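Numbered per the numbering used here, the sequence shown spans residues 423 to 791. The C-beta atom is built at its ideal place from N, Cα and C for all residues, glycine as well. Note that the coordinates shown come from a computational prediction; the quantities given were computed from them, not determined experimentally. Reviewing the structure listed below.
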Amino acid sequence: MTDTSSPTVWRRWLALELTRLRREAGLEQKDVAKALRCTVAKVSYYETADRPVVVKDLDEVLLPLYSVPEDRWPAYVRAAKDARKKGWWETHGGPPIPSWFSLFVGLEQGASQIRTYESEAVPGLLQTRAYTDAITRRGTAERAEDEVERQIKLRLTRQDALNRASSPLRLWAVLNEAVLRRVVGSPAVMRDQLLHVAEMTSHPKITVQVIPFSHGAHPGMAAGPFQILGFPWPTDPGVAYVEHRAGAFYLEAPPRDRGAYGGLRAPGCTRLEPGRVSEDGARHRRGVCMTTPESVSNQAQLESAPWRKSSFSGDQGACVEAAPLLDGRIAVRNSNHPGAGTVFFTRTEMDAWIKGVKAGEFDDLGSQR
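Structure, rendered in structure tokens:
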């Protein structure tokens, strides 16, 4: 049996096992209710994980009734005890989080893999603190400062699942290109966020893909953002999670849902990797075929950079401007056509270029031949 620290997932596993064992024993819920001297509803609650199983019911009635070998009893009893514990997210301080979201966090923290599609925002498991802060403060409801901090802390703590000492969470995220294009917080915040996403893809269990605008229609346009959570046991079908303004929908993940996610990962999706630079660079205003964190990071810096136009610029297209960037590079472009392309220099490269120009080393490049 696989370890998990989530009471929610232990309850789910035990519910699935009790359902399987009852069916294999050829019993109906009413037969079990008679043995437990309870209502059929209580048996249903046990088998749907709506309520944790009472340990006494388990080892005195259910396991003997289902003819489970006694050497396997400790695993079931342990699961029943762990399922009755409180998860860390239920004791994080302040008012309790909504029950519908507490259920999701419990499933997330015990999942073995999550496949997610996001159309508007970076997935919570990959967000930086500054990005999370900007998202939280721009929500639809007004929140006190201490509540904002609690929500930020909760989201960042959830990310520990990616670095579990035993069996870290496997994350596969597919993003609409708009997620990388939208500047959340500020250009600097967005730059750090995108660089963080690129860095996280070096983790062997984290994959991020982008559906470029040029790909056109795709399954995510009809489905909207969703997640499919998988669990360590082969008999568990997984859960499809769809959040909405008033709560969330939880559905057992049938094969068609998993197939829909496979459609999102079609060849039109491009995988993000650390150090990868897009073919189109930072041509944000003209649109790109593929966007990576590096290209959007460049664009975010260009939009906030203190551009300085050369006093030798004229009206015949010779309009040159330059600006220092946050990462220490220097950008040079045509101020009349800023979207046409930008050249990036390190400080050392720029110094060498200026010295060469002053020495006349490039005077013949503009001569007519």
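| Item | Value |
| --- | --- |
| Proximity of N756 and V742 at Cβ, strictly below 9 Å | yes |
| Alpha carbon of L443 to alpha carbon of L673, nearest angstrom | 22 Å |
| Which of helix, strand or coil DSSP assigns to W435 | helix |
| DSSP three-state assignment for Q549, whether helix, strand or coil | coil |
| A600 beta carbon less than 9 Å from that of S541 | yes |
| Inter-residue CB distance, A502 and V477 (contact presumed, cutoff 8 Å) | 5 Å |
| Beta carbon of W798 nearer than 9 Å to that of G528 | Outside the displayed range of the chain (423 to 791) lies residue 798, so it cannot be described from this structure. |
| Supposed contact pair T441 and E469 - C-beta distance, whole angstroms, cut 8 Å | 5 Å |
| CA-to-CA distance, Y488 to I628, given in whole angstroms | 40 Å |
| Expected contact under 8 Å - CB spacing of F671 and V661 to nearest Å | The Cβ separation is near 10 Å, so there is no contact. |
| Straight-line Cα distance separating D453 from R433 | 22 Å |
| Q535 vs L578 beta-carbon contact at 9 Å | no |
| Alpha-carbon to alpha-carbon, Q573 and A471 | 26 Å |
| V462 vs A437 beta-carbon contact at 9 Å | no |
| H637 (DSSP reduced to helix, strand or coil) | helix |
| Start and end residues, beta strand (DSSP E) containing Y663 | 661 to 666 |
| Reduced DSSP secondary structure (H/G/I, E/B, other) of G782 | coil |
| R537 beta carbon less than 9 Å from that of A595 | yes |
| Beta-carbon contacts of R604 that lie in its chain and below 6 Å, excluding the five residues immediately before and after | none |
| Cβ neighbour criterion (16 or more within 10 Å) applied to A566 | exposed |
| Per DSSP, cross-strand counterpart(s) of Y539 | V596, F648 |
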